[in-house]
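Heads up: the sequence shown is residues -19 to 290, going by the working numbering.
Don't be surprised by glycine CBs; every beta carbon is placed ideally from N, CA and C.
Contents: one structure, followed by commentary.
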Amino acid sequence: MIKFDKLKLITSIEYISDIKHDSFNIILRHDEVLYYKYQQKTPYSLLIMVDYSKNELIIEFSGKILQEHYISLISKETIRECFNKINDIGICELDTESIINDSIVAKCDITKDIKADINQIIPSIKQNIINYSKWNIKPYYSGVVVENVVATTRYKKRLAIYDKWKELQQGNSRCFIEGLNNKEEVLAYYKDKIRFELNLNTMYQVRQFLNIPNNNIQSVLNAVANPILSIIDETVKYEHQRHKEMTLRDYERVLLIESCDYDLAKVEAKVRAYSKKSTSITRAMQPYKDLFHQLKTIQNTEIDIRKLVC
-19 MIKFDKLKLI TSIEYISDIK HDSFNIILRH DEVLYYKYQQ KTPYSLLIMV DYSKNELIIE
41 FSGKILQEHY ISLISKETIR ECFNKINDIG ICELDTESII NDSIVAKCDI TKDIKADINQ
101 IIPSIKQNII NYSKWNIKPY YSGVVVENVV ATTRYKKRLA IYDKWKELQQ GNSRCFIEGL
161 NNKEEVLAYY KDKIRFELNL NTMYQVRQFL NIPNNNIQSV LNAVANPILS IIDETVKYEH
221 QRHKEMTLRD YERVLLIESC DYDLAKVEAK VRAYSKKSTS ITRAMQPYKD LFHQLKTIQN
281 TEIDIRKLVC
C-alpha cells in the first residue's frame, strides 16, 4: 500500500463551512475578499486556503497531523483521520467524505521507512550512481538528497534518504515529538529506520510516477506503482564484486582512482576530459567501477538498495 508524508489537495470551495475568520488571514482587493488563508508549520505542517477568485479549497498537510498515529503515515486507510484531526482544531468544518471523493492531488511526498544502516546505504548509493553528470548528491540531515540535473521543475526528480530517528530529534520535528503522549513508542519505531522520500511537486509528476490516468485523490491513494523503486532503478546500478588478478591496465586505473581520492565523480570527470566525444562514458567508467568495488572490501559495497525498497 502506497503511503505519503505530505499531500496537497485542490477541491471545491463548497466543502468547507463554519470558518472562524479570526483564525485566518484575510486577503482583500478593493474591499473584496480574495481568499482566506490559515497556515502553521509546527508541530505539523497545515495549509488551508479558501480561494474565492477560483472557487477552490486548497488543503496541504503533512503526516505529522496524525500525531500519535504518525507512524501509519497518510494512506487510503488513514486519510479520513487526517481530516478529522483538522476538524478537531476548531477553525473550520471540512466535509470529509466529499473531499475524499472529489479532489485532485497537486503535490505529494511518497514515503517508505525501511530498517537499514544509513552508514551502509549512503556509501552504496554514492558508489553506484549510473551517471554523475546527470545526478547530484547533496547532504541532507543525516543522509543525502539525490537530484537530477535539469532546467525545468516539470522534470525535476528529488529523492531524500535519511535517518528518520535522528531527524525526529531536530528542529520542528523535536517540537512535534515532545507533544506526543506516546513519544517513546514513536521514537522506538523509527530507531534504525531509514526514510526514502520522493517529492512529486507537479500534477504531471504525480501521474507519471504513480502510473495513473488522472490526479483524482482516489486514483492516487489506490495506486499500485512503486515510484521509489523506479527512481532507484533510474539512478543507481548494482554489480556484484568481481575478484580477479590485476593487470597493468588495472593498476593504471587504480592510480587514477587513488589520485581522485576514491571519488568516482572525480574519476568520471577525468575520463570525460581525456576521452573522445564519441566515447561511451558509461562503458568507459565500468572498469573503474569494477576496480573500485574490489578495492572496497567493506560490506556497504554489497548493499542493494533496490531490494530494500521493493
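Residue i in three-state terms, based on DSSP
i	result
HIS223	Since pLDDT at HIS223 reaches only 49, below the 50 mark, its modelled position is unreliable, and the value read off the structure follows with that caveat. Of the three classes helix, strand and coil, the one that applies to HIS223 here is coil, per DSSP.
PRO119	strand
PHE292	Outside the shown range of the chain (-19 to 290) lies residue 292, about which nothing can therefore be said.
TYR32	coil
GLU40	strand
GLN20	strand
CYS88	strand
LEU244	helix
ASN202	coil
PHE272	helix
ASN152	helix
THR215	helix
THR339	Missing from the structure shown is residue 339; the chain here goes from -19 to 290 and no further.
ILE283	coil
LEU26	strand
GLY(-10)	At residue -10 the sequence reads Ile, which differs from the Gly that was named. Correct three-state label for ILE(-10): strand.
Between the CA atoms of residue j and residue i - distance to the nearest angstrom
i	j	result
THR(-9)	ILE79	7 Å
TYR231	TYR142	36 Å
GLN221	LEU271	Legend: pLDDT at GLN221 = 47, less than 50; position of this residue unreliable, value from coordinates given subsequently. Cα-Cα distance, rounded: 9 Å.
ARG286	ASP213	7 Å
SER260	ASP97	34 Å
GLN188	ASN108	25 Å
ASN194	MET183	9 Å
TYR120	LYS144	11 Å
SER258	ALA264	11 Å
THR58	SER239	53 Å
HIS223	LYS269	Any reading at HIS223 needs caution, since the residue's pLDDT is 49, under 50, leaving its predicted position unreliable; the model's value is listed next. HIS223 and LYS269: Cα-Cα distance of roughly 13 Å.
VAL293	LYS56	With the chain covering only -19 through 290, there is no way to say anything about residue 293.
LYS305	HIS273	For the chain, the structure presents residues -19 to 290; residue 305 sits outside this window and is missing.
Contact test: residue i Cβ vs the ligand ZN heavy atom, cutoff 6 Å
i	result
TYR32	No copy of the ligand ZN occurs in the structure displayed, which carries no ligand at all.
Selection from the options that minimises the alpha carbon distance to residue i
i	options	result
ASP93	ALA140, ASN128, GLN19	ALA140
ARG138	ASN128, LYS144, LYS146	ASN128
GLU158	VAL216, GLU48, LYS(-12)	GLU48
GLN185	GLU57, ASP(-15), ILE211, VAL289	ILE211
PRO267	LYS256, LYS257, VAL251, SER258	VAL251
PHE293	ILE(-7), PRO23, PHE176, LYS257	One cannot answer for residue 293 here, as it falls past the ends of the chain, which runs -19 to 290.
LYS173	LYS136, SER122, THR215, LEU(-13)	SER122
PHE4	THR76, LEU(-11), THR132, CYS72	CYS72
LEU53	ILE192, GLN19, THR91	THR91
LEU180	LYS136, THR132, ASN202, LEU236	LYS136
Counterpart residues of residue i in DSSP-defined beta bridges
i	result
LYS173	LYS95
PHE4	Beta-bridge pairing links PHE4 to no other residue.
ILE297	In the structure as shown, the chain begins at -19 and stops at 290. Residue 297 is therefore absent and cannot be evaluated.
ASN179	ASP89, ARG138
ARG9	GLU12
VAL126	ILE117, LEU139
ASN291	Absent from the model: residue 291. The displayed extent of the chain is -19 to 290, so no value can be given.
ILE59	In the DSSP output, where bridge partners are listed per residue, ILE59 has none listed.
LEU74	ILE(-4)
Next item on the list: Check whether the stretch 81 to 96 touches the stretch 12 to 23, taking contact to mean three or more Cβ pairs, one atom from each stretch, closer than 8 Å.
Entry: no
Notebook entry, point to check: Are there three or more Cβ pairs, one per stretch, closer than 8 Å when the stretch 161 to 172 is compared with the stretch 66 to 79?
Noted result: no
Next item on the list: Inspect the CB distances between the stretch 197 to 212 and the stretch 230 to 247 and report whether three or more fall short of 8 Å.
Entry: no
Notebook entry, point to check: Can we say the stretch 244 to 252 touches the stretch 109 to 126, given the rule of at least three CB pairs closer than 8 Å?
Noted result: yes
Next item on the list: Report yes or no: do the stretch 148 to 155 and the stretch 28 to 39 share at least 3 C-beta pairs separated by less than 8 Å?
Entry: no
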